[in-house]
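Numbers in the working numbering are just positions in the sequence shown, counted from 1, shifted up by 1325. The block underneath contains the structure these notes are about, expressed in structure tokens.
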Amino acid sequence: MWVSRLALRDFRSYESFDLDLERGVTTFVAPNGWGKTNLVEAIGYLSRLRSHRVPQDLPLVRAGREQAIVSARVHRGERHVTAEVTIKAKGANRARINRSGVRVREILGLVPCVVFAPEDLGLVKGDPGERRDWLDSLLVARNPRFAGVLVDSDKALRQRNALLKSLKAHPDSGLEGTLDIWDRAFAEAAAALVVGRRRLLTDLAPHIDEHFSGLAADAREVRREAVARYSSRIDYSAVDPEDDDAVARTVDVIVEAIVSRRAKEIDRGLTLVGPQRDDVELLIGQTPAKGYASHGESWSLALALQLAGWNLLRSDSGHPDDQPILVLDDVFAELDTGRRRRLAHIVAQAEQVLITAAVGSEIPQELVGRTVDLTEVSPAA
Ligand SMILES: Nc1ncnc2c1ncn2[C@@H]1O[C@H](COP(=O)(O)OP(=O)(O)OP(=O)(O)O)[C@@H](O)[C@H]1O
Ligand SMILES: [Mg+2]
1326 MWVSRLALRD FRSYESFDLD LERGVTTFVA PNGWGKTNLV EAIGYLSRLR SHRVPQDLPL
1386 VRAGREQAIV SARVHRGERH VTAEVTIKAK GANRARINRS GVRVREILGL VPCVVFAPED
1446 LGLVKGDPGE RRDWLDSLLV ARNPRFAGVL VDSDKALRQR NALLKSLKAH PDSGLEGTLD
1506 IWDRAFAEAA AALVVGRRRL LTDLAPHIDE HFSGLAADAR EVRREAVARY SSRIDYSAVD
1566 PEDDDAVART VDVIVEAIVS RRAKEIDRGL TLVGPQRDDV ELLIGQTPAK GYASHGESWS
1626 LALALQLAGW NLLRSDSGHP DDQPILVLDD VFAELDTGRR RRLAHIVAQA EQVLITAAVG
1686 SEIPQELVGR TVDLTEVSPA A
């Protein structure tokens, strides 16, 4: 996959900007604050329908404007489409494919792209929510059906929480019978998500370790395994996620877990267990990455997680034309020379790689390609 043209209207700092892109590696160099990240964030947005650095859309719309438009011409082999999203400061976003209006969700899958950015350090050092988001985004990227699963699971959770809250406020309302129905509804929606995540992690695990050791492949470093496993307060160990009946059995496990916590949940007015609380446990060797790993190791592990996702997306289709675009936003600055070189070697395999750097000399020499000095093509933000 590759994008040949990107057009931005009132996106972040860009009032109106059109950029022609080429296959292969392109590096954008400009001083801090010039708009490098804004540029690649726009492509990432088309891929995930959300920014890689902020949870809401509002900051993406140029200050004082009502909407932003991101449009990209995407090539897959001989074919190409133009995917466009209008991001509204208020109200629902809109989307078009080849100028025809479509549901926004239909854009998902059209511009597969993996973004590596300084924020990824949060995958290792941050809260569980960051790891869940990463996993869920990858689920959707591999199979857009999961966008619906996520919405359903979130909706069921909110409805169940609302009921728990009213049960807490009005204990004699007779609503407790209704809770059985919501337990089941929540468990069904949640189970599809949990099984999806567990299957995804099974697929990711070998790639994570391979990239972690690949990046650190230095004779002086002790070889330690990088492990990523699903972690939950609900014990899913009896269910093999690869089994055909894994979702149905997971529903039973979740129902049992929430029924056993019923009194506590009513007391708190909140669903205390489920995919909204789960995490991905990351280990380097025997120790948890969070709290133990060095800065460089944490960064390598975060990169390994993203590279593993990229690997899966690539191998899913098996077709060279379907390779996701790779974005490396400011990633080289954090790495030692060896890791820079090895990362360069890995990413050079992508059909299109977009790199940003404030200082061009951070880019390893191995990454031959085009360098665009943004100060020459776009005004400062
Ligand atoms: N919604 C917005 N409206 C107007 N300007 C914005 C908006 N969002 C961000 N900006 C501005 O965009 C500018 C450029 O941001 P960006 O993150 O792309 O810089 P950068 O070139 O990646 O810098 P660095 O090298 O520090 O990472 C910032 O100065 C910021 O104030
Ligand atoms: Mg930046």
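Ideal placement from N, C-alpha and C gives every residue a C-beta, glycine not left out.
Thr-1700: CB within 8 Å of a non-hydrogen atom of ligand 2
no
Would DSSP call Ile-1609 helix, strand or coil?
strand
Can you grab the Cα-Cα spacing for the pair Ala-1544 / Ser-1619, in whole Å?
Residue placement at Ala-1544 cannot be trusted, given a pLDDT of 47 that sits under 50; the coordinates are not used to answer.
In angstroms, rounded to a whole number, what distance separates the CA positions of Ser-1341 and Val-1652?
22 Å
Hey, Phe-1441 and Leu-1628 are a contact pair by Cβ (cut 8 Å); roughly how many whole angstroms apart?
6 Å
Thr-1352 to Pro-1689, Cα distance in whole Å?
11 Å
I need the straight-line Cα distance from Ala-1417 to Leu-1492, nearest angstrom please.
33 Å
Arg-1419, enclosing beta strand (DSSP E) - first and last residue:
1419–1422
Would you give the residue range spanned by the beta strand (DSSP E) that Arg-1398 belongs to?
1392–1401
At least three beta-carbon pairs within less than 8 Å, the stretch 1434–1451 to the stretch 1369–1377:
yes
Measuring CA to CA, which of Asp-1604, Leu-1475, Arg-1337 is closest to Ala-1515?
Leu-1475
Examine ligand 2 and report whether any of its heavy atoms sits within less than 8 Å of the Cβ of Asp-1655.
yes
Could you tell me the distance, in whole angstroms, from the CA atom of Ala-1517 to the CA atom of Gly-1634?
20 Å
Looking at Gly-1358 and ligand 1, is the gap between the Cβ and the nearest heavy atom below 8 Å?
yes
Selection from Leu-1344, Ile-1394, Arg-1373 that minimises the alpha carbon distance to Gly-1434
Arg-1373
At a cut-off of 8 Å, would you count Thr-1527 as near ligand 2, judging by its Cβ distance to the nearest heavy atom?
no
With hydrogens ignored, establish whether the beta-carbon of Thr-1662 is closer than 8 Å to any heavy atom of ligand 4.
Within the structure as shown, ligand 4 is missing, the only ligands being ligand 1 and ligand 2.
Ala-1544, DSSP secondary structure in three states
Summary for Ala-1544: the model assigns pLDDT 47, below 50, so the residue's position carries little reliability; its value from the coordinates is reported in the next sentence. In this structure, Ala-1544 counts as coil in the three-state DSSP scheme.
List the whole-angstrom C-beta distance separating Arg-1509 from Val-1427, where the pair is believed to meet the contact cut-off of C-beta under 8 Å.
34 Å between Cβ atoms; not a contact.
Taking only the alpha-carbon atoms, compute the straight-line gap between Leu-1668 and Gly-1349 and give it to the nearest angstrom.
15 Å
Hey, is Thr-1362 close to ligand 2, as in C-beta under 8 Å from one of its heavy atoms?
yes
What does DSSP give as the partner residue(s) for Gly-1349 in the beta ladder?
Gln-1677
Contacts around Ile-1422, its chain only, beta-carbon distance under 8 Å, and the 5 residues preceding and following it disregarded
Val-1406, Thr-1407, Ala-1408, Glu-1409, Glu-1431, Ile-1432, Leu-1435
To the nearest whole angstrom, what separates the beta carbons of Leu-1607 and Arg-1522, a pair I think is in contact under 8 Å?
Not really, about 14 Å apart at Cβ, beyond 8 Å.
For Thr-1411, which of Arg-1375, Thr-1527, Val-1399, Thr-1696 has the nearest alpha-carbon?
Arg-1375
How many Å lie between Gly-1358 and Ser-1338 at the Cα?
10 Å
Should Ala-1573 go down as buried or exposed, given a rule of 16 or more other Cβ atoms within 10 Å for buried?
exposed
Quick check on the DSSP output: the alpha helix (DSSP H) that includes Trp-1459 runs from which residue to which?
1453–1467
Do Arg-1467 and Leu-1638 have their beta-carbon atoms positioned less than 9 Å apart in this structure?
yes
Go ahead and label Ser-1498 buried or exposed: buried means 16 or more other beta carbons lie within 10 angstroms of its beta carbon, across all protein chains shown.
exposed
To the nearest whole angstrom, what separates the beta carbons of Gln-1595 and Leu-1489, a pair I think is in contact under 8 Å?
Here residue 1595 is Leu; the residue named in the question, Gln, does not match the sequence. The pair is a contact, with the Cβ atoms about 6 Å apart (cut-off 8 Å).
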